[in-house]
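> The structure that follows is given in the form of structure tokens.
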């Protein structure tokens with residue numbers, strides 16, 4: 109639901125940043141100043157490089173492929189639709205990023221061209237966000253919260269690593285985050301990946317099948333009539349009822 113609520117905001121932010129890059133607006137100048145300041149405050153190179161590498165396809169794709177396989181196994185082959193939607197989102201991300209890079213042709217911090225938006229940042233956002241969406245139906249509520257927090261921290265760390273190493277400007281990364289949220293919002297709206305296929309136990313449900321009818325209920329005990337099974341002859345009195353006595357006046 110939060111992804112759907114942030115959909116319009118991210119769409120506006122992505123369009124605004126693209127327009128500023130195309131027109132070399134004031135936001136671009138502020139962005140470049142911020143990028144230079146962040147590079148000067150960079151942590152050790154090993155840490156920054158490791159964070160930036162999260163967006164490599166060799167790292168991001170396995171992070172998404174594993175939840176895809178787990179979702180298919182948990183759904184017994186019936187959870188293919190959310191998996192397909194996440195795969196399509198990853199493919200659409202690559203196409204959109206490539207087209208916008210050619211359109212804007214922005215110069216990078218260390219030279220070159222075609223740096224807006226960041227492909228690594230967009231790949232990280234879609235891969236980690238898609239992984240959490242696929243696993244959300246298999247996790248408890250605390251587990252889902254922890255998964256989203258971990259995905260957000262890794263995505264933010266990846267973006268900072270890209271800026272610290274001089275691979276991208278901050279605006280390149282921010283625009284890719286917006287694009288990733290747009291794609292994840294589309295997946296959440298179309299596929300509803302948090303719902304498990306019908307008949308699949310939810311997280312924390314240890315039931316393996318429907319309870320048989322009557323299970324858990326004790327068998328009714330025979331009614332105690334207070335009499336033996338066979339009554340002696342004449343126990344109930346004569347077969348004919350006595351006549352009514354005289355009326356009282």
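Numbering (my numbering), first residue to last: 109 to 357.
All residues carry an ideal CB built from backbone N, CA and C; glycine is no exception.
(1) Exposed or buried, which one is residue 164 when buried takes at least 16 other CB atoms within 10 Å?
(2) For residue 162, tell me which candidate among 234, 292 and 280 has the shortest Cα-Cα distance.
(3) On the criterion of 16 or more Cβ atoms from any shown chain inside 10 Å, does residue 156 qualify as buried, or is it exposed?
(4) Once you ignore the five residues that flank residue 259 on each side, which residues in its own chain have a CB closer than 8 Å to its CB?
(5) Quick one: Cα of residue 265 to Cα of residue 294, how far?
(6) Is the beta carbon of residue 212 less than 7 Å from the beta carbon of residue 221?
(7) Between the Cα of residue 142 and the Cα atoms of 253, 280 and 177, which residue gives the shortest distance?
(8) Tell me whether residue 153 is buried or exposed, calling it buried when 16 or more other Cβ atoms sit within 10 Å of its Cβ.
(9) Secondary structure at residue 115, three-state DSSP: helix, strand or coil?
(10) In the DSSP assignment, the alpha helix (DSSP H) including residue 151 goes from what residue to what residue?
Result, derived from the coordinates:
(1) Exposed, by the Cβ-count rule.
(2) Measuring from the Cα of residue 162, the nearest candidate turns out to be 234.
(3) With 16 or more other CB atoms across the displayed protein chains lying within 10 angstroms of its CB, residue 156 is buried.
(4) So the list reads 236, 237, 239 and 240, once near-sequence residues are dropped.
(5) Approximately 24 Å between the Cα atoms of the pair.
(6) Contact: no.
(7) Relative to the Cα of residue 142, the nearest Cα in the group 253, 280 and 177 belongs to 280.
(8) It is exposed - the Cβ of residue 153 has fewer than 16 other Cβ atoms within 10 Å.
(9) When secondary structure is reduced to three states using DSSP, residue 115 falls in the helix class.
(10) Careful: residue 151 lies outside any alpha helix (DSSP H) and carries neither H nor E.
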